[in-house]
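Trainee:
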Amino acid sequence: MKFQFNKDQILNNFQAWALRNPDQTFSRILLPFVSFVEGLIANSPTYLYSKRFNLGRNFCCAGQVVMGEFATLESALTSPQARTWRLGTTLLDQDFFPNLDVGGRNVFPLALSDLEAGGNGNHETFRQYMQKYILNENATQRQSDETAKSLLARLATDYLEMPHDIGGSFFSDDQRGLKRFMVRYLHYVLFGLNPDEEQVMELLTQLYYTNLGTLHYFAVVGKLLQKFNLKGHKNLSEMIEQVATIYENSTALADFQENIADENLMTRRELAKMMTSIMSIAALQGPLHLCYTSMGFRPLPSYPGQKTAEINLTDYWDNLDLNDRQAVKLYLLECARVWAPVSASHRVATAPFTITIADREQTFPTGTKVLIPMSLGLLDKSFWGETTYEFNSQRENLCPFHMGFHSVGDRHAGRICPGRDLALEMLVDILVTVGKVRRSS
236 MKFQFNKDQI LNNFQAWALR NPDQTFSRIL LPFVSFVEGL IANSPTYLYS KRFNLGRNFC
296 CAGQVVMGEF ATLESALTSP QARTWRLGTT LLDQDFFPNL DVGGRNVFPL ALSDLEAGGN
356 GNHETFRQYM QKYILNENAT QRQSDETAKS LLARLATDYL EMPHDIGGSF FSDDQRGLKR
416 FMVRYLHYVL FGLNPDEEQV MELLTQLYYT NLGTLHYFAV VGKLLQKFNL KGHKNLSEMI
476 EQVATIYENS TALADFQENI ADENLMTRRE LAKMMTSIMS IAALQGPLHL CYTSMGFRPL
536 PSYPGQKTAE INLTDYWDNL DLNDRQAVKL YLLECARVWA PVSASHRVAT APFTITIADR
596 EQTFPTGTKV LIPMSLGLLD KSFWGETTYE FNSQRENLCP FHMGFHSVGD RHAGRICPGR
656 DLALEMLVDI LVTVGKVRRS S
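And the structure:
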């Protein structure tokens, strides 16, 4: 009989054993390595899909248990969560996060547990500070003022003047086009920074896009980039401090009330430092990804056995009623369903649990890392039906059951993306403004 090497099954079986036996020598030696390597690979949009295709709805990947049933994901996204240092499948390096990088306390909200899941209340408090000073009515008002409109007009001009088909420089150039707009628009709307202050905007662009600042936070990767000064990472920590000072002195934080007598209350500097990580990991990446998808920068993923990569999304964009903002929003949500900008989140098990993996029941202990693969929920045929891999922005239940913002529609347990509404408003404005000049040309 010919032996068939199945790497998916071997990786799955080893991780299932190691996660059930975390104190064993092989687990302590090999599991961190597997978690790191597979965690990076699993950022490919088809990786988790292929794992589910080969192994079933429940499996192990990147040092985590993955449960891919829609109902299970729905429960996870609407329940309190304990957290650790993960960004979906990717391991994070806590040494680089605010404010641990300067010997302070952890103010990175994605790594803070909910109070009902064993946290100390910091997650809830820090989130409230972000909503009070950053994602507030002032930001909403700036989003519709003349400065925001002028930035959109400049974006439309860049679209006409720059290559904007698949791989076009309109999407990739960080001095013009989409990235230039993202830096200026979001920093104006969120912080009230002057988008014409070139020296400041250049520093922000360099940190978040040119130098690939997001990689600074990845375990192993960040330290290697810093050690060998790749993409300017030797000075990245210093740049982060400079940007935090800009945020600290911004219009948004001008009326910040400090009271450090209670350990749960933030200082102005802590909020500024927290926002450097949020801008790098979320605010300047998620909307960019959704623009890439909805505006035709790259084809949809080629999910095994499906024809998604053959769908031409710009045809759908060109046929939208651009005066119907709800229709444009639904188009964006369907784009985010077929290719989720944020593919997965995580939680830490607060009690032992038993599930079926590889055709047998297996029990995992408290403390097991559990992946929440929203991308699998968004592509779950048992919920979305036979048209799952077709593009239909009018599909039933798209809004109330969308998982693309770490929630199930509007339902969540306090961890929905706090900038969801602002981001969608911006993205609708982009597609409408650029869409109109695209048609006129």
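Take 236 as the starting number for the sequence shown in this note's numbering and just add one per residue. C-beta atoms are modelled at their ideal positions from N, C-alpha and C, and glycine is treated no differently.
1. Could you compute how far the alpha carbon of Asn484 sits from the alpha carbon of Ile513?
2. Hey, out of Val669, Trp619 and Val667, whose CA is closest to Ala306's CA?
3. Alpha carbons only, please: which of Tyr443, Leu488 and Ile481 is nearest the one belonging to Gly467?
4. Between which two residues does the alpha helix (DSSP H) containing Phe588 stretch?
5. How big is the Cα-Cα spacing for Asn256 and Ser262?
6. With a cut-off of 8 Å on the beta carbons, I'd call Arg362 and Val424 a contact; round off their distance for me.
7. Quick test of the definition: if touching needs 3 or more C-beta pairs under 8 Å, does the stretch 605-621 touch the stretch 279-290?
8. If you run the structure through DSSP and keep just helix, strand and coil, what is Phe238?
9. To which residues of the same chain is Gln520 closer than 7 Å at the C-beta, ignoring the five residues directly before and after it?
10. On the DSSP letters alone, give me the boundaries of the alpha helix (DSSP H) that Met514 sits inside.
11. Residues in its own chain within less than 8 Å of Gly457 by CB, not counting five upstream and five downstream?
12. Got a sec? Which residues, its chain only, sit under 8 Å from Tyr566 by beta carbon, not counting five neighbours each side?
13. Helix or strand or just coil, what does DSSP make of Val455?
14. Closest by CA to Ala575, which one among Cys296, Met638 and Ser537?
15. Short of 6 Å in beta carbon distance, which residues of its chain neighbour Arg572, apart from the five on each side in sequence? Order them along the chain.
16. Would you mind sorting Phe238 into buried or exposed? The rule is 16 or more other CB atoms within 10 Å of its CB.
17. Return yes when the Cβ of Gly644 is within less than 7 Å of the Cβ of Pro635, no when it is not.
18. On the three-pair Cβ rule with 8 Å, is the stretch 652-672 touching the stretch 383-394?
19. For Pro539, which residues of its own chain have a beta-carbon under 8 Å away from its beta-carbon, when the five flanking residues on both sides are left out?
20. So the candidates are Asn558, Gly323 and Cys295; which of them puts its Cα closest to the Cα of Ile245?
Mentor: Taking the geometry as given:
1. Their Cα atoms are separated by approximately 18 Å.
2. For the options Val669, Trp619 and Val667, the alpha carbon positioned closest to that of Ala306 is the one of Trp619.
3. Considering only alpha carbons, the answer is Tyr443.
4. Run containing Phe588: none in the alpha helix (DSSP H); it sits in the beta strand (DSSP E), Phe588 to Ile592.
5. So the two alpha carbons sit approximately 7 Å from each other.
6. Between Val424 and Arg362 the Cβ distance is about 19 Å, and since that is not below 8 Å, they are no contact.
7. Short answer: they touch.
8. Residue placement at Phe238 cannot be trusted, given a pLDDT of 38 that sits under 50; what the coordinates show is reported in the next sentence. Assigned with DSSP and collapsed to three states, Phe238 falls in coil, not helix or strand.
9. Excluding positions up to five away in sequence, the list reads Thr449.
10. Element bounds for Met514: n/a, residue is neither H nor E.
11. In the same chain as Gly457, and ignoring 5 residues on each side of it, the C-beta atoms closer than 8 Å to its own belong to Asp328, Phe331, Leu450, His451 and His468, in chain order.
12. The beta carbon of Tyr566 is closer than 8 Å to those of Ser529, Tyr551, Trp552, Leu555, Ser628 and Leu666 in its chain, skipping five residues each way along the sequence.
13. If DSSP states are grouped into helix, strand and coil, Val455 belongs with coil.
14. Measuring from the Cα of Ala575, the nearest candidate turns out to be Met638.
15. Non-local beta-carbon contacts of Arg572 in its own chain, meaning distances under 6 Å to residues more than five positions away in sequence, involve Leu613 in chain order.
16. Here the model assigns Phe238 a pLDDT of 38, short of 50, so the residue's position is not dependable, and the following value carries that caveat. Phe238 comes out exposed.
17. Taking 7 Å as the Cβ cut-off, Pro635 and Gly644 qualify as a contacting pair.
18. By the Cβ criterion, the stretch 652-672 is in contact with the stretch 383-394, since at least three pairs of Cβ atoms, one from each stretch, lie closer than 8 Å.
19. Same-chain partners within the cutoff: Thr281, Tyr284, Ser285 and Phe288.
20. Considering only alpha carbons, the answer is Cys295.
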